[in-house]
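Q: Residue numbers (my numbering): 4 to 213.
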């Protein structure tokens, strides 16, 4: 794919719907795990050049929590889930059922909860995508880093083809009562994989080229 604008609104709507299905599944899994009602949505879907990924989380020097993993199978990719550093305490308080804003430091338990959230989100999105596209997508064990965005992204891209150009971005909102936290899910496929996604959506949707 030479230009992400080749993915028209029909495909963006399909990807957004897949994202919302994944978010719904993740919210259900998280609600069951925590014993409380958690809601998630995907208000924005974009196809962006890989070098523009840092801009979507506040800039290349922005400190974020990044949960990243590798995807094997029919669509070799990398996944990165990020949350702003400024929201980590609030997010982990929510995950652990504590009063939001009641703590000040990140503990090992909070880091573990953050990695579990990344695992749930990644698994839910991947399962929705794999089921709809009828593809085999197997995630690796996730890793967690809290660092500037460029350092995390460089770690991911070092093992990916230099021909990789684009990333699928799903903006994710997590809400519980009055607490709302935004995160960002990036699927960074190997070169040519976005074309595979578009072709698969076209096939399962019964779209015939003119």
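Glycine included, every Cβ here is placed at the ideal spot set by N, Cα and C.
(1) Where residue 32 and residue 168 are concerned, what is the direct C-alpha to C-alpha distance, given to the nearest angstrom?
(2) Could you round the C-beta distance between residue 29 and residue 123 to whole angstroms and report it? I think they count as a contact, below 8 Å.
(3) In chain order, which beta strand (DSSP E) runs of at least 3 residues are fully inside the region 24-97?
(4) When the Cα of residue 161 is compared with those of 34, 178, 191, which residue comes out closest?
(5) Going by Cα to Cα distance, which pick from 42, 36, 21, 55 is closest to residue 170?
(6) Might you give, ordered along the chain, the residues of its own chain that have their beta carbon closer than 8 Å to the beta carbon of residue 129, omitting 5 neighbours on each side?
(7) For the putative contact between residue 177 and residue 186, defined by C-beta atoms under 8 Å, what is the C-beta separation to the nearest angstrom?
(8) Consider the Cβ of residue 127: report whether some Cβ of chain C lies at a distance smaller than 8 Å.
(9) Taking the beta carbon of residue 204 as the centre, do at least 16 other beta carbons fall within 10 Å, making it buried, or is it exposed?
(10) Give the C-beta separation of residue 19 and residue 45 to the nearest angstrom, bearing in mind that I take them to be a contact with Cβ-Cβ under 8 Å.
(11) The alpha helix (DSSP H) with residue 1 in it runs from where to where?
(12) How close, in whole Å, do the beta carbons of residue 145 and residue 70 come, if the pair is a contact with beta carbons under 8 Å?
(13) State buried or exposed for residue 112, treating a residue as buried only when at least 16 other CB atoms are found within 10 Å of its CB.
(14) If you draw a straight line from the alpha carbon of residue 53 to that of residue 136, how long is it in whole angstroms?
(15) Let me make sure I understand the geometry here. Which of 41, 51, 39 has the alpha-carbon closest to that of residue 197?
A: Taking the geometry as given:
(1) 33 Å
(2) 5 Å
(3) 42-52, 66-76, 80-87
(4) 191
(5) 55
(6) 25, 74, 82, 140, 142
(7) 7 Å
(8) Of the protein chains in the structure, only one exists, and it is not chain C.
(9) buried
(10) 6 Å
(11) The requested residue 1 is not part of the displayed model; the chain covers only 4 to 213.
(12) 5 Å
(13) exposed
(14) 23 Å
(15) 51
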